[in-house]
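Protein chains: 2
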Amino acid sequence: MPDSRISASSPPPPRTGTHAPAHAAERAYHYTKERILRGDLAGGELVSEGQIGGMLGVSRTPVHEAFLRLDAEHLLTLSSRKGAVVAPMSPQESRDVLEMREAIESASARRLLARGRPPKEALAALRFALDHQRDAVAADDIDAFVEADDEFHSVVVRWSGNTLAAHFFAAIRDRQQRLRYQLLSIRSEHLTAALEDHRELAERVAAADPEGYAAVLHQHVARHQGGL
Amino acid sequence: MPDSRISASSPPPPRTGTHAPAHAAERAYHYTKERILRGDLAGGELVSEGQIGGMLGVSRTPVHEAFLRLDAEHLLTLSSRKGAVVAPMSPQESRDVLEMREAIESASARRLLARGRPPKEALAALRFALDHQRDAVAADDIDAFVEADDEFHSVVVRWSGNTLAAHFFAAIRDRQQRLRYQLLSIRSEHLTAALEDHRELAERVAAADPEGYAAVLHQHVARHQGGL
DNA sequence: GTGGGACATCTTGCATGCAAGCAGGTACGC
DNA sequence: GCGTACCTGCTTGCATGCAAGATGTCCCAC
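Taken in sequence, the protein lines are chains H and G.
Heads up: the first sequence at position 6 corresponds to 6 in the numbering used here, and the numbers run straight through without jumps.
Adding 228 to a residue's 1-based position in the second sequence gives its number in the numbering used here.
In structure tokens:
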């Protein structure tokens, strides 16, 4: 149905708003991924390349590329000559994600602190993220808090120097974002407690105490199971 | 990497052997990946789609798809209108890989054993892998041992039921395979010691002792740092 | 020798055309 | 009513053509 000729009649493709990725494939990737993560495309739903391409005013080719990448991330399951199915969230998704997150972050803390005190810059980055979280709590801005929360945990992984860990952690973050959109269970009351946990974690980093970090993180993850 | 077009139904996911690559894109993917892992394509080397396509007698399109997947796995770095660069192995690659492997496998053991004794099938799978390793040691067959070694460690991850972990573990396995090809440092003498470690690990699983498993695994990984 | 522009040639990005697989509906024979 | 063949419209897989960015080179002015 929607050949790209339709795009000739319809003005420029709907602006996604946030940023303008130069390439069509990139645009299709981010657009589709966002829709999956936000839950606009529900798990189990069937999407076709032409459908997305029509919406963005591009041909099937770049959309096909986007689908391949999403398939590699297990957000989409390609089915030859039938279409692509949005990966359903397993009932254990939350548990799986939090478990991996804890495992990787703990390992990162151990590596970061293996040679004693961490670099000043890492500590500064932690403080920076903490400040953002404090401001977000004060403003009762959940989105900002989530962003700063992600940043905080990423700091440890990034500064561990393990690029593989950073790669995995990014994938985990996507999935967690998807969970957040689905559960919508973040409450303001949780933010203060989470911020306290983060302060504690930062202290363990400053004290070069990886096992303490792991212990606090375990509590932190357990406490916010599925919530943050 | 299993064919992601086939949606896995239940844990444990089906084992995928080396299957005939029906599709051109699949063929290009496996061919290129193998060449990278084996070191035929050295880190930093520039490869083009047309080059691979010419070798396989397919057009650029399926090769392009293969490159995209390899880029997502960080085995290839695409550079717009210049070509694709084979990802160089960082000097810390070995450490990164082993660290993640230990982190994920330990977490998997904890989850598998969180509710006491593991399922009979899991124990049987461990014994099966152990038998293979014993035979490989007897035959001094390093390739067979490596395969059985991978299988052994995968069993725990697979039976933990965390599909995300299984996904990561598969990616790690690829990178470890690449390291093996580069280092070529596996010696027959190591096999016996590794087999002993595995027996010990299997015992910890049978005893539903995740912390013991983690401890033995830590020793095991440290001992064979970069070697196996 | 050195700087710079034109050009040839490499590369990919994307649109498109065609073939073929898959699914749902329908008419037909019984 | 029921099974089967077929038809029609969906989907993707892949080859191909064209446009355009990146790079190297050659030549010429100075």
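Glycine included, each C-beta is placed from N, C-alpha and C at the ideal position.
To the nearest angstrom, report how far apart residue i and residue j are at their CA atoms.
i	j	result
residue 224 of chain H	residue 185 of chain H	10 angstroms
residue 171 of chain H	residue 344 of chain G	30 angstroms
residue 89 of chain H	residue 41 of chain H	12 angstroms
residue 272 of chain G	residue 264 of chain G	11 angstroms
residue 101 of chain H	residue 251 of chain G	35 angstroms
residue 131 of chain H	residue 314 of chain G	40 angstroms
residue 464 of chain G	residue 347 of chain G	Outside the displayed span of chain G (229 to 456) sits residue 464 of chain G, for which this structure offers no information.
residue 435 of chain G	residue 423 of chain G	18 angstroms
residue 200 of chain H	residue 187 of chain H	21 angstroms
residue 288 of chain G	residue 34 of chain H	29 angstroms
residue 76 of chain H	residue 380 of chain G	29 angstroms
residue 280 of chain G	residue 292 of chain G	10 angstroms
residue 247 of chain G	residue 402 of chain G	Note that residue 247 of chain G scores a pLDDT of 47, beneath 50, so its modelled location is shaky and nothing firm can be said.
residue 159 of chain H	residue 78 of chain H	35 angstroms
residue 447 of chain G	residue 137 of chain H	43 angstroms
residue 374 of chain G	residue 30 of chain H	39 angstroms
residue 135 of chain H	residue 217 of chain H	22 angstroms
residue 333 of chain G	residue 150 of chain H	24 angstroms
residue 284 of chain G	residue 302 of chain G	23 angstroms
Let me know if residue i comes out buried or exposed under the rule of 16 or more other beta-carbons within 10 Å of its beta-carbon.
i	result
residue 32 of chain H	buried
residue 196 of chain G	This structure cannot speak to residue 196 of chain G, because chain G is shown only from 229 to 456.
residue 430 of chain G	buried
residue 342 of chain G	exposed
residue 183 of chain H	exposed
residue 99 of chain H	buried
residue 210 of chain H	buried
residue 297 of chain G	buried
residue 367 of chain G	exposed
residue 352 of chain G	exposed
residue 54 of chain H	buried
Less than 8 angstroms between the C-beta atoms of residue i and residue j, yes or no?
i	j	result
residue 357 of chain G	residue 337 of chain G	no
residue 66 of chain H	residue 25 of chain H	yes
residue 458 of chain G	residue 383 of chain G	Beyond the ends of chain G as shown, which are 229 and 456, falls residue 458 of chain G; an answer cannot be given.
residue 322 of chain G	residue 407 of chain G	yes
residue 517 of chain G	residue 418 of chain G	Only positions 229 to 456 of chain G appear in this structure, which leaves residue 517 of chain G out of reach.
residue 394 of chain G	residue 385 of chain G	yes
residue 340 of chain G	residue 96 of chain H	no
residue 405 of chain G	residue 161 of chain H	no
residue 311 of chain G	residue 275 of chain G	yes
residue 126 of chain H	residue 205 of chain H	yes
residue 38 of chain H	residue 181 of chain H	yes
residue 103 of chain H	residue 331 of chain G	yes
residue 335 of chain G	residue 290 of chain G	no
residue 169 of chain H	residue 396 of chain G	no
Beta strand (DSSP E) segments (min. 3 residues) lying fully within the stretch 262-308 of chain G:
304-307
Ignoring anything shorter than 4 residues, give me the alpha helix (DSSP H) runs that lie fully in the stretch 162-207 of chain H, in order along the chain.
Taken in chain order, the complete alpha helix (DSSP H) segments of 4 or more residues contained in the stretch 162-207 of chain H are 163-183 and 188-206.
In chain order, what are the residue ranges of uninterrupted alpha helix (DSSP H) at least 4 long that sit wholly in the stretch 87-126 of chain H?
93-112
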